[in-house]
Amino acid sequence: MSSKWKLIVAVVLLVLAGGGVAAYKTFRLGVPFWKGEQVYDWQVEARVSFLATGKRVKARLALPAAVIEGKTAQESGSLGYHFNTEKNLGQSTAVWAAENREDSQALYYRVRFPDGTRSGGEPLPAQAPEPGPAAMPPGALGEAAKSIIDRLKSVTSDPDALFVALFDQIRGGESSQEFVLVKRHYEKEFRNNAPILMGIELLEMAGVPARMAYGVRLDEERGSQAPVPLVEYGDGAYWKVRDPSDPSAVLDGRSIFVWHRGGGPLLDVTGGESSRVVFTVSKDRIPLATLTDLQDSPFLISTILGLPLSERHVFRYIVLIPLGAFVVVLLRNIVGVPTLGTFMPVLIALALLEIPLGRGLIMFTVLIGAGLWFRFLLSRLNLLVVPRVAACVVIVTLLMMAMSVISYKMELKGGGQITLFPMIILAWTIERMSLIWEEEGKRSALIQVGGSLIVAVLAFLFMKIGQIQYWSFYFPELLLVLLAGILLIGRYTGYRLSELARFRTFADA
């Protein structure tokens, strides 16, 4: 069989495989093929990790009140553990138990709720008489705390206003002698959440019952995130939850979902050490029943949707890389745009997904320009290739640090985003551009780096399309169809579009 027929067979098989799996998902499992048909549900995954000590393990994770009310769908999956849910006095707890576990362990619990659901931090009626004011600590610390409370209560005795005033002072760094004394005590006593614990105890001394609560920020871009410490306090009739970092704001469910309230620990692990819980947030765009069918399907059908949410989150951008590579192939082989390598425009486009386009292009231009100048200085030292490239990596790192510091000092937002550019790729770009500059002239070097930027921007615009992102994440098997297209382009040996203009005089002749 000739290479031509081998290519045709490979392309047909790839198209049938990718298109067939996508059709099965759409018509058999009901996955919406078009972005406009999707639903919007938040899925929050709690990942409990700890180091088991070889004894019996029991892990308890407090759950959102919405789970009890039946407003959310939940599932758990942790191999080798017995799982059950305990309900007591309106609170729900996930419990995992296993015998003789060793080494690192990971347990998962997922909660799903519709976009626009209330935060879970709505006022709840007080069930029992609230205790009186907490006792003041002895000595100078108690006198300082009493002075702070008396000063606040002289302005207002309303619990809501007390909460806002107190945490505004804590957040603003009140500099009175009494405040500094109390703050230093809590910073010394508590390593984590010292300002919040200070505010809670001062509220209790003022006669306002308060306790810790925890939430999750509804932001896909954060990846794995620690629980957000919140404060739940009583005003005599209701228990209310607020964010101490923004005390005057009311939780509305758009930015923070309240995971745990009512006091008590968020996580308790026996038989293990170094325990922690982190949350991963994703906005699901397919119905819950369909997602469940997908996750229960064979791995060739479920693909990345069968992974835990924390691991699935990593693929949000990885699945876009082949799309950028396709744009590079199309523009280089069909259009004829010159670029500095194949992967540089793709990785630059990937970085631009996290940086505003204009700011990213300015950062890239400044970085390449400064790096090229330093590279010309290195060329006078007659270094070998590997040490020279390593020196470029060091210079690029220092330039990134300098630009971030300068941006911060000048109060320019987003200076730290420069670290999203791939450092090694930038170093190789500077090295290759300097060689082209020396061998072919600066015009050729500028044309190639300009072409690379044009391809990177077009790849960014292509990967930014919502429908493309939806297909790449929920129908990754369509990458096989994309591969078939790349194979076909790989056999094209005709004129490029840019060459048609270059050789138009031959056509006239």
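Residue numbers are given in the numbering used here: position 294 of the sequence shown equals residue 290, and the series is strictly consecutive. Using N, Cα and C, we set each Cβ at its ideal position, and we do this for glycine too. What you are looking at is a predicted structure, and each value in this text was computed from that prediction instead of being measured.
Cβ-Cβ distance between residue i and residue j below 8 Å
{"i": "A141", "j": "P133", "result": "yes"}
{"i": "A209", "j": "V274", "result": "no"}
{"i": "V227", "j": "I252", "result": "no"}
{"i": "L368", "j": "A6", "result": "no"}
{"i": "N224", "j": "G116", "result": "Residue identity check: residue 224 is Val in the sequence provided, not Asn. Taking 8 Å as the Cβ cut-off, V224 and G116 do not qualify as a contacting pair."}
{"i": "V310", "j": "L214", "result": "no"}
{"i": "L374", "j": "A387", "result": "yes"}
{"i": "Y466", "j": "R281", "result": "yes"}
{"i": "V53", "j": "A94", "result": "yes"}
{"i": "F163", "j": "I144", "result": "no"}
{"i": "F79", "j": "E269", "result": "no"}
{"i": "Y36", "j": "D111", "result": "yes"}
{"i": "P243", "j": "V160", "result": "yes"}
{"i": "L247", "j": "R257", "result": "no"}
{"i": "K279", "j": "W433", "result": "no"}
Sequence-distant residues of its chain with Cβ nearer than 8 Å to residue i (five each side left out)
{"i": "Y488", "result": "N329, I330"}
{"i": "I64", "result": "Here the model assigns I64 a pLDDT of 48, short of 50, so the residue's position is not dependable, and the following value carries that caveat. Excluding positions up to five away in sequence, the list reads K83, G86, Q87, S88."}
{"i": "I364", "result": "L422, T425, I426, M429, V445"}
{"i": "Y234", "result": "P119, L120, P121, A122"}
{"i": "G481", "result": "F322"}
{"i": "L3", "result": "L483, L484, R487"}
{"i": "V362", "result": "M399"}
{"i": "G66", "result": "Reliability of the predicted coordinates at G66 is poor, the pLDDT of 47 falling under 50, and no value is obtained from them."}
{"i": "S(-2)", "result": "none"}
Start and end residues, alpha helix (DSSP H) containing residue i
{"i": "Y466", "result": "462 to 470"}
{"i": "D156", "result": "155 to 168"}
{"i": "H309", "result": "No alpha helix (DSSP H) holds H309; DSSP gives it neither H nor E."}
{"i": "R147", "result": "135 to 149"}
{"i": "F29", "result": "Careful: F29 lies outside any alpha helix (DSSP H) and carries neither H nor E."}
{"i": "L373", "result": "353 to 375"}
{"i": "R384", "result": "381 to 405"}
Beta strand (DSSP E) segment containing residue i, residue limits
{"i": "Y234", "result": "234 to 238"}
{"i": "P225", "result": "224 to 230"}
{"i": "A122", "result": "Unbroken run through A122: none, as it is neither H nor E."}
{"i": "Q221", "result": "It is not in any beta strand (DSSP E) - Q221 carries neither H nor E in the DSSP assignment."}
{"i": "E41", "result": "37 to 49"}
{"i": "P341", "result": "Per DSSP, P341 belongs to no beta strand (DSSP E); it is in the alpha helix (DSSP H), 339 to 348."}
{"i": "F109", "result": "98 to 110"}
{"i": "V429", "result": "Going by the sequence as given, residue 429 is Met instead of Val. Segment 419 to 436 is the alpha helix (DSSP H) holding M429; no beta strand (DSSP E) there."}
{"i": "R487", "result": "No beta strand (DSSP E) contains R487, which DSSP labels as neither H nor E."}
{"i": "F275", "result": "268 to 280"}
{"i": "F79", "result": "78 to 84"}
{"i": "Y210", "result": "206 to 213"}
{"i": "S88", "result": "87 to 94"}
Cutoff 6 Å; reference residue i; Cβ partners in own chain excluding five residues on either side
{"i": "R56", "result": "T89, V91, D264"}
{"i": "F456", "result": "A345, L348"}
{"i": "D321", "result": "This sequence places Ala at residue 321; Asp is not what is there. Result list for A321: V342, in chain order."}
{"i": "L327", "result": "V333, V451"}
{"i": "L479", "result": "L10"}
{"i": "R97", "result": "A48, V53"}
{"i": "E473", "result": "G14, V17, A18"}
{"i": "R439", "result": "none"}
Beta-carbon separation (whole angstroms), residue i vs residue j, contact threshold 8 Å
{"i": "P205", "j": "Y229", "result": "7 Å"}
{"i": "P418", "j": "L343", "result": "5 Å"}
{"i": "G267", "j": "T22", "result": "About 46 Å; that fails the 8 Å criterion."}
{"i": "V323", "j": "F458", "result": "5 Å"}
{"i": "G14", "j": "L377", "result": "Not quite, the Cβ-Cβ distance comes to about 51 Å (not below 8 Å), so this is no contact."}
{"i": "L148", "j": "V178", "result": "That pair is no contact at about 13 Å."}
{"i": "R24", "j": "A102", "result": "Incorrect: roughly 32 Å between the Cβ atoms, too far for contact."}
{"i": "V315", "j": "S468", "result": "4 Å"}
{"i": "V212", "j": "V401", "result": "Wrong, their Cβ atoms sit about 32 Å apart, outside the cutoff."}
{"i": "S448", "j": "L336", "result": "5 Å"}
Residues near residue i in its chain [Cβ-Cβ closer than 7 Å; skip 5 each side]
{"i": "E183", "result": "A190"}
{"i": "T393", "result": "M419"}
{"i": "R272", "result": "S45"}
{"i": "I391", "result": "G367, F370"}
{"i": "K29", "result": "Per the sequence presented here, residue 29 reads as Phe, with Lys not at that position. Excluding residues within five positions, the ones whose Cβ falls inside 7 Å are T22."}
Nearest to residue i (by Cα), restricted to the options the options
{"i": "L10", "options": "L484, R492, V477", "result": "V477"}
{"i": "S494", "options": "E139, V333, G135", "result": "V333"}
{"i": "F508", "options": "R355, L319, I358, P352", "result": "Residue coverage of the chain in this structure runs from -3 to 505, which leaves residue 508 outside it and unanswerable."}
{"i": "V107", "options": "Y491, P304, E436", "result": "P304"}
{"i": "Y313", "options": "R250, G462, R187", "result": "G462"}
{"i": "L193", "options": "E217, R167, S171, S172", "result": "R167"}
{"i": "G135", "options": "W1, R114, V151, H181", "result": "H181"}
{"i": "E350", "options": "K31, K460, M406", "result": "K460"}
{"i": "Y77", "options": "M359, Y104, M406", "result": "Y104"}
{"i": "G354", "options": "V453, L442, P60, R218", "result": "V453"}
{"i": "E217", "options": "R308, D99, V382, P240", "result": "R308"}
{"i": "Q165", "options": "F186, E185, L199", "result": "L199"}
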